[in-house]
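Reviewing the structure listed below.
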Amino acid sequence: MDFALTEEQRMIQEAAREFAENEIAPVAAHHDETRQPPLDLVRKLGELGFLGMNVPDAYGGAGLDMVSYILAVEEVSRACASTGIIMSVNNSLVCFPIETYGSEDQKQRYLPKLTKGEWLGAYALSEPGTGSDAANQKTVAVRDGDAYVLNGTKNFITNGGFADIFVVFAMTDTAKRVKGITAFIVEKTTPGFAVGKREKTLGIRASSTVEIVLTDCRVPVANMLGGEGGGFRVAMSTLDGGRIGVAAQAIGIARAAMEESIRYAKERQAFGQPIGQFQAIQWMLANMATEIDAARLLTLRAAATKDAGQRYTTEAAMAKLFASEVAMRAVKDAVQVHGGYGYLADFPAERHYRDAKITEIYEGTSEVQRLVIAQGLLKE
Ligand SMILES: Cc1cc2nc3c(=O)[nH]c(=O)nc-3n(C[C@H](O)[C@H](O)[C@H](O)COP(=O)(O)OP(=O)(O)OC[C@H]3O[C@@H](n4cnc5c(N)ncnc54)[C@H](O)[C@@H]3O)c2cc1C
């Protein structure tokens, strides 16, 4: 077994780290405070090839493997968790389903713009009444000539406030439940499409979490993705990959929290010595480092399994479950290491504390990941 990254993977990791440290990290606290999405930086990520990392170059992507992608998400999220999720949604939840299930026409039309950041994408599955139970969709799509007419409300849609295209899921046959769901690519300029209220979130405040309202929204049949009734498969397989990205985001947040803690433990004096000399502090740092490494190994395994063309549903769920819980423990201890200063917005530990929680919730809660893992075990 070889744990070493390839030359190319190391170069991608270094390029992402350099951009994140030099351009993203210095403004992360500002964007968090103002809740303004860092769109100029996101466009630059597109120019550098970080928004369509796994898309073949024939469609404008970087043509890289999943391992490279998660290394980059970790670096970006270490600097700014909001930018990390904006990037992850575009790559995992929008480029992936279009590349995997899209017609040649859809790929030509959307991928070159999405990969370069000229357009940004969003993924609209959740509704006010349904999140974990994603099959219980209330949004409907009724065929009318050469279009489907969509009606319904989606909520919690990341990137929604500025995205140009949305992968939207709707019921084309309510009687069939899971087999009656269909995916559509909806452009924001489509009449009947509207962005509703923006949520005020605990963390990832510079991302945009909005409601989407569809009122007699006519979407051409040509924009159906994955065939009529194929939407649930599109949704679930897309989330499998997305979860590896969220795991990487969690690792990035945890690593930032650990690095801030190490720095602070060397500087802060108590009882005549740096607090890093106290065993209680050392154990917190040791636990963070060990757990972050374990989380990264699980995440790399999930990515490598996907790259090998094997099934990776369980591996992705394990990586997300573990990495998000590691992130929560790391940010809790990071605030503790900082004492009272960890509770102030002046120190990044406070932002990491708020940012980590979402990784246990979106793209399937920790409870849902445990269900997915158990289903895999019981099927064997
Ligand atoms: C900031 C943010 C961004 C998001 N971005 C997106 C996005 O871009 N696109 C999108 O479609 N959605 C998005 N979501 C929605 C997110 O995926 C859902 O919130 C999440 O899946 C949970 O669904 P829910 O909120 O309806 O909770 P519920 O499903 O109502 O769950 C409530 C609680 O019950 C538990 N629970 C539910 N079912 C079970 C079960 N069978 N067994 C055990 N426990 C269970 C859950 O784990 C949770 O603890 C986002 C959410 C947030 C907060």
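In this text, residue positions in the sequence shown follow our numbering: the first is 1495, and each later residue adds one.
Heads up, the beta-carbon is just placed ideally off N, CA and C, and yes, glycines get one too.
Looking at the secondary structure, which residues open and close the alpha helix (DSSP H) in which residue i lies?
i: G1615; result: Premise fails: G1615 lies in the beta strand (DSSP E), 1615–1618, not in any alpha helix (DSSP H).
i: Y1604; result: 1598–1610
i: D1559; result: No alpha helix (DSSP H) holds D1559; DSSP gives it neither H nor E.
i: T1624; result: Element bounds for T1624: n/a, residue is neither H nor E.
i: I1470; result: This structure leaves residue 1470 out entirely; the chain is present only between 1495 and 1874.
i: E1785; result: 1773–1801
i: I1769; result: Unbroken run through I1769: none, as it is neither H nor E.
i: F1876; result: The question about residue 1876 has no answer here: the residues shown for the chain are numbered 1495 through 1874.
i: S1576; result: 1575–1582
i: P1842; result: 1842–1850
i: V1521; result: 1519–1528
i: R1537; result: 1533–1541
i: E1515; result: No alpha helix (DSSP H) holds E1515; DSSP gives it neither H nor E.
i: F1590; result: 1590–1595
In or out: residue i buried (at least 16 other Cβ within 10 Å) or exposed?
i: Y1856; result: buried
i: K1760; result: exposed
i: F1497; result: exposed
i: W1777; result: exposed
i: V1829; result: buried
i: R1845; result: buried
i: T1871; result: The residue you asked about is not Thr; residue 1871 is Leu in the sequence shown. So L1871 counts as exposed.
i: R1749; result: buried
i: P1531; result: buried
Inspect the beta-carbon positions of residue i and residue j and report whether they are closer than 8 Å.
i: P1591; j: G1554; result: no
i: C1574; j: V1549; result: no
i: G1736; j: R1727; result: no
i: L1815; j: Q1863; result: yes
i: S1562; j: Q1743; result: no
i: G1858; j: L1733; result: yes
i: I1756; j: D1849; result: no
i: T1807; j: V1866; result: yes
i: N1649; j: L1614; result: no
i: L1535; j: T1577; result: yes
i: A1813; j: A1741; result: yes
i: K1682; j: A1716; result: no
i: T1609; j: L1533; result: no
i: E1705; j: T1647; result: yes
i: I1775; j: M1752; result: no
i: G1639; j: R1692; result: no
i: A1616; j: F1660; result: yes
i: T1684; j: A1635; result: no
Whole angstroms are fine: how far does the CA of residue j sit from the CA of residue i?
i: D1627; j: G1739; result: 21 Å
i: T1793; j: S1818; result: 11 Å
i: G1803; j: A1796; result: 11 Å
i: A1843; j: S1731; result: 34 Å
i: R1458; j: E1527; result: No answer is possible for residue 1458: the residues shown for the chain start at 1495 and end at 1874.
i: R1712; j: R1637; result: 9 Å
i: A1523; j: V1689; result: 26 Å
i: A1788; j: M1782; result: 10 Å
i: S1582; j: G1766; result: 45 Å
i: G1833; j: F1513; result: 31 Å
i: P1622; j: F1663; result: 14 Å
i: G1453; j: G1674; result: There is simply no residue 1453 to check, as the chain begins at 1495 and stops at 1874 in what is shown.
i: N1584; j: D1840; result: 31 Å
i: F1687; j: T1709; result: 7 Å
i: V1672; j: S1620; result: 14 Å
i: Q1507; j: A1566; result: 6 Å
i: A1677; j: Y1837; result: 43 Å
i: G1723; j: A1618; result: 16 Å
i: N1630; j: T1624; result: 6 Å
i: I1745; j: E1569; result: 9 Å
i: D1801; j: M1560; result: 6 Å
i: G1770; j: N1516; result: 28 Å
If you follow the beta strand (DSSP E) that residue i is part of, which residue opens it and which one closes it?
i: Q1714; result: The amino acid occupying residue 1714 in the given sequence is Pro; Gln does not appear at that position. First-last of the beta strand (DSSP E) with P1714: 1703–1714.
i: I1659; result: 1659–1665
i: T1676; result: 1675–1681
Could you pull the DSSP bridge partners for residue i from this structure?
i: F1687; result: L1708
i: N1645; result: V1634
i: E1857; result: In the DSSP output, where bridge partners are listed per residue, E1857 has none listed.
i: R1877; result: Absent from the structure is residue 1877, since the part of the chain shown begins at 1495 and ends at 1874.
i: A1879; result: Outside the shown range of the chain (1495 to 1874) lies residue 1879, about which nothing can therefore be said.
i: T1668; result: In the DSSP output, where bridge partners are listed per residue, T1668 has none listed.
i: R1692; result: V1704
i: L1719; result: A1677
i: I1651; result: V1704
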